[in-house]
Amino acid sequence: MNNQTKTVAFHTLGCKLNFSETSTIARNLKDSGYQKVEFTDPANVYVINTCSVTANADKECRTIVKNAMKANPEGFVVIVGCYAQLKPQEIAEMEGVDLVLGAAEKFNIAEYLDDLNKKEETIVHSCEIEEADFYVGSYSIGDRTRAFLKVQDGCDYKCTYCTIPLARGISRSDTVENVIKNANEIAERGIKEIVLTGVNIGDYGKGEFGNKKHEHTFFELVQELDQVEAIERIRISSIEPNLLKNETIDFVSKSNRFVPHFHIPLQSGNDEILKKMKRRYLSNLYLDRVSKIREVMPHACIGVDVIVGFPGETEELFMETYNFINELPISYLHVFTYSERDNTEAIDFEGVVDQGERKRRNKMLRILSEKKRQAFYQSQLGSTQKVLWEHDNKDGKMFGFTENYVKVQTEFNAEFVNQTHLVDLVRINHNGIVEVKINELELAK
Ligand code: SF4
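The UniProt record's numbering numbers the first residue of the sequence shown as 1 and each following residue consecutively.
Here's what the structure looks like:
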């Protein structure tokens, strides 16, 4: 390595969107002459991309800063991401932090790195979130078989528990042309699967921003992406139920590229709580969306986000949510425990649920999730499906996912990595993973 080359290490917390943005920041820094190293290596610069969803954002951030300081006490520590936008001063007071960049500044990081000497004072460059009204496209390569492609950012909704609009600003989207260009670039890198990401992707293309009127809808984006032949699979990650239209569901059911996997936030099965959350649907609409998917894609995987312990969620109302989900033909849950956030409406709501009770409800729903997942896997046994094999070799086994998101395993074979194969789903093993055998048609190729 040339003595002049500066090194940079990254640590990302939070969602897929953050991961795709870290990749963009990393590419920008590479273009500015930085070489990427591991976070445990002595680097000139450490970039920590934070999240505000985690209850202990401050503690988590502090620990990672300490890890950076351990790897190189002279390293220049930069904090970006949602937590940096929401609480820049809190971060500035943390020992070891040199620079805090807000939502508008994080993509120009190189401009702020002229002097890498650590100083007494932490520098903060953080705009008002209203100024973050421009769009920066990005994608990240996950495990080398799939990529997360950002198509939208920000959110115009006002859910009473959520800080995302404060951290990421108004809803804005990439152009269709740029998304297609990024999809082709991803394909050129040999990646077979794309996961579409954003804060509220169903809102894609909505309204005006930065003086530009967007001309396309989410459905149009889906139709355009379906033409990108170099990509084998596209997954719609998470979409609000009120924005998941019949036309999109019907299109996915006929597409060879969009896979039958939907992740739809529910948050509560009780209408009173949904209204208090200021969600834009009631439980009936949710039921209708799930029924529509099941009607046209009986084999689809449907994931559900749910929050337990929201203020006012009595035992009775929680049980309504539990029973509602229990009856729904869904495949798995992501369970979140409500936690109070500054500057949200819900922080002042009455009916605070005891922490121990929140934990108990979380556990109940996680057990329900496992039951749902196993029942879904069980329903898929005996079918023949396409699986994309991943890289990892764990005790001689390799893993992959079917199009409808069943996790499968077989004996490790280096030649299978990043290939899609037709497999027969044979049985569920003691780890809850489906064991498969390669289908005869595949063997005959
Ligand atoms: S839809 Fe609601 S929960 Fe989701 S990002 Fe927007 S405000 Fe937050």
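We treat Cβ as the ideally placed atom computed from N, Cα and C, and that holds for glycine. Because the structure is a prediction, the values reported are computed rather than measured.
Buried or exposed by the 16-neighbour rule on C-beta atoms within 10 Å, applied to residue i
{"i": "Pro-311", "result": "buried"}
{"i": "Ala-167", "result": "buried"}
{"i": "Gln-267", "result": "buried"}
{"i": "Ile-293", "result": "buried"}
{"i": "Lys-445", "result": "exposed"}
{"i": "Asn-211", "result": "Bear in mind that a pLDDT of 41 at Asn-211, under 50, signals an unreliable position, so the model cannot answer this."}
{"i": "Leu-328", "result": "buried"}
{"i": "Ile-367", "result": "exposed"}
{"i": "Gly-356", "result": "exposed"}
{"i": "Thr-217", "result": "buried"}
{"i": "Leu-116", "result": "exposed"}
{"i": "Asp-41", "result": "exposed"}
{"i": "Ala-230", "result": "exposed"}
{"i": "Glu-315", "result": "exposed"}
{"i": "Arg-373", "result": "buried"}
{"i": "Ala-132", "result": "buried"}
{"i": "Glu-390", "result": "buried"}
Where residue i falls: helix, strand or coil (DSSP)
{"i": "Pro-329", "result": "coil"}
{"i": "Ile-180", "result": "helix"}
{"i": "Tyr-139", "result": "strand"}
{"i": "Lys-437", "result": "strand"}
{"i": "Thr-175", "result": "coil"}
{"i": "Glu-224", "result": "helix"}
{"i": "Thr-321", "result": "helix"}
{"i": "Glu-120", "result": "coil"}
{"i": "residue 466", "result": "The shown model of the chain, from 1 to 445, leaves out residue 466, and the question about it has no answer."}
{"i": "Glu-411", "result": "strand"}
{"i": "Arg-341", "result": "coil"}
{"i": "Phe-336", "result": "strand"}
{"i": "Glu-313", "result": "coil"}
{"i": "Gly-210", "result": "With a pLDDT of 48 at Gly-210, under the threshold of 50, the modelled position of this residue cannot be trusted, and the question is left open."}
{"i": "Arg-189", "result": "coil"}
{"i": "Ile-194", "result": "strand"}
{"i": "Asp-424", "result": "strand"}
Euclidean distance between Cα positions of residue i and residue j
{"i": "Leu-17", "j": "Cys-155", "result": "13 Å"}
{"i": "Leu-86", "j": "Pro-165", "result": "10 Å"}
{"i": "Ser-441", "j": "Leu-422", "result": "The question names Ser, but residue 441 in the sequence shown is Leu. So the two alpha carbons sit approximately 8 Å from each other."}
{"i": "Lys-158", "j": "Arg-235", "result": "26 Å"}
{"i": "Asp-114", "j": "Asp-271", "result": "53 Å"}
{"i": "Phe-345", "j": "Thr-163", "result": "A small fix is needed here, since residue 345 is Glu in this sequence, not Phe. When rounded, the distance between both Cα atoms is 10 Å."}
{"i": "Leu-381", "j": "Ile-428", "result": "8 Å"}
{"i": "Cys-51", "j": "Leu-443", "result": "45 Å"}
{"i": "Glu-93", "j": "Leu-425", "result": "54 Å"}
{"i": "Val-45", "j": "Ile-129", "result": "26 Å"}
{"i": "Leu-244", "j": "Phe-318", "result": "25 Å"}
{"i": "Lys-386", "j": "Met-297", "result": "16 Å"}
{"i": "Thr-175", "j": "Val-100", "result": "29 Å"}
{"i": "Gln-4", "j": "Ala-43", "result": "13 Å"}
{"i": "Thr-384", "j": "Gly-14", "result": "34 Å"}
{"i": "Lys-106", "j": "Asn-439", "result": "48 Å"}
{"i": "Met-1", "j": "Val-8", "result": "Since pLDDT at Met-1 reaches only 44, below the 50 mark, its modelled position is unreliable, and the value read off the structure follows with that caveat. If you take the alpha carbons of Met-1 and Val-8, they lie about 14 Å apart."}
{"i": "Thr-321", "j": "Ala-110", "result": "48 Å"}
{"i": "Glu-185", "j": "Val-222", "result": "18 Å"}
{"i": "Val-290", "j": "Leu-225", "result": "24 Å"}
{"i": "Glu-340", "j": "Gly-190", "result": "43 Å"}
{"i": "Gln-227", "j": "Ser-238", "result": "21 Å"}
{"i": "Glu-121", "j": "Lys-359", "result": "40 Å"}
{"i": "Val-352", "j": "Met-364", "result": "19 Å"}
Contact set for residue i: own chain, Cβ-Cβ below 6 Å, skip 5 residues either direction
{"i": "Asn-362", "result": "Val-308, Val-335, Thr-337"}
{"i": "Ile-64", "result": "His-11, Ile-48"}
{"i": "Glu-247", "result": "Phe-219"}
{"i": "Phe-39", "result": "Ala-9, His-11"}
Residues of its chain near residue i, where Cβ-Cβ distance is below 7 Å and the 5 sequence neighbours each way are ignored
{"i": "Ala-26", "result": "Phe-10, Lys-36"}
{"i": "Lys-275", "result": "none"}
{"i": "Lys-118", "result": "Glu-74, Phe-76, Asp-98"}
{"i": "Asp-153", "result": "Tyr-135, Arg-168, Arg-172, Gly-198, Val-199"}
{"i": "Tyr-286", "result": "Pro-241, Leu-266"}
Beta-carbon proximity list for residue i, same chain, < 8 Å, skipping 5 on both sides
{"i": "Lys-397", "result": "Gln-409, Thr-410, Glu-411, Phe-412"}
{"i": "Leu-388", "result": "Thr-145, Arg-146, Lys-192, Glu-193, Glu-232, Arg-233, Gly-400, Phe-401, Asn-418, Gln-419, Thr-420"}
{"i": "Ser-23", "result": "Ser-138, Tyr-139, Ser-140, Ile-141"}
{"i": "Cys-301", "result": "Pro-260, His-261, Phe-262, Ser-331, Tyr-332, Phe-376, Asn-404, Tyr-405, Val-406"}
{"i": "Val-304", "result": "His-263, Ile-264, Pro-265, Leu-266, Ile-325, Leu-328, Ile-330, Tyr-332, Leu-333, His-334"}
{"i": "Gln-378", "result": "Ile-428"}
{"i": "Tyr-204", "result": "Val-151, Gln-152, Ser-173, Gly-198, His-216, Thr-217, Phe-218, Leu-221"}
{"i": "His-125", "result": "Leu-99, Val-100, Leu-101, Gly-102, Glu-105, Tyr-112"}
Residue-chain proximity (residue i, chain C), Cβ-Cβ < 7 Å
{"i": "His-261", "result": "The structure shown contains no chain C; it is built from a single protein chain."}
Original post:
Whole alpha helix (DSSP H) runs in the UniProt domain "MTTase N-terminal" (6-118) with 4 or more residues, listed along the chain?
Top reply: Qualifying alpha helix (DSSP H) stretches, in chain order: 16-31, 57-71, 82-86, 88-92.
Original post:
Residue ranges of each beta strand (DSSP E) run of no fewer than 3 residues wholly in the segment 241-309, ordered along the chain?
Top reply: For the beta strand (DSSP E) assignment, the uninterrupted runs of no fewer than 3 residues enclosed by the segment 241-309 are, from N- to C-terminal side, 261-267, 301-308.
Original post:
Which whole runs of the alpha helix (DSSP H) in the segment 143-173 are 4 residues long or more, in chain order?
Top reply: 164-168
**OP:** Can you check the segment 371-409 for any beta strand (DSSP E) of at least 3 residues that lies completely inside it and give the ranges in chain order?
**Re:** 384-389, 397-402
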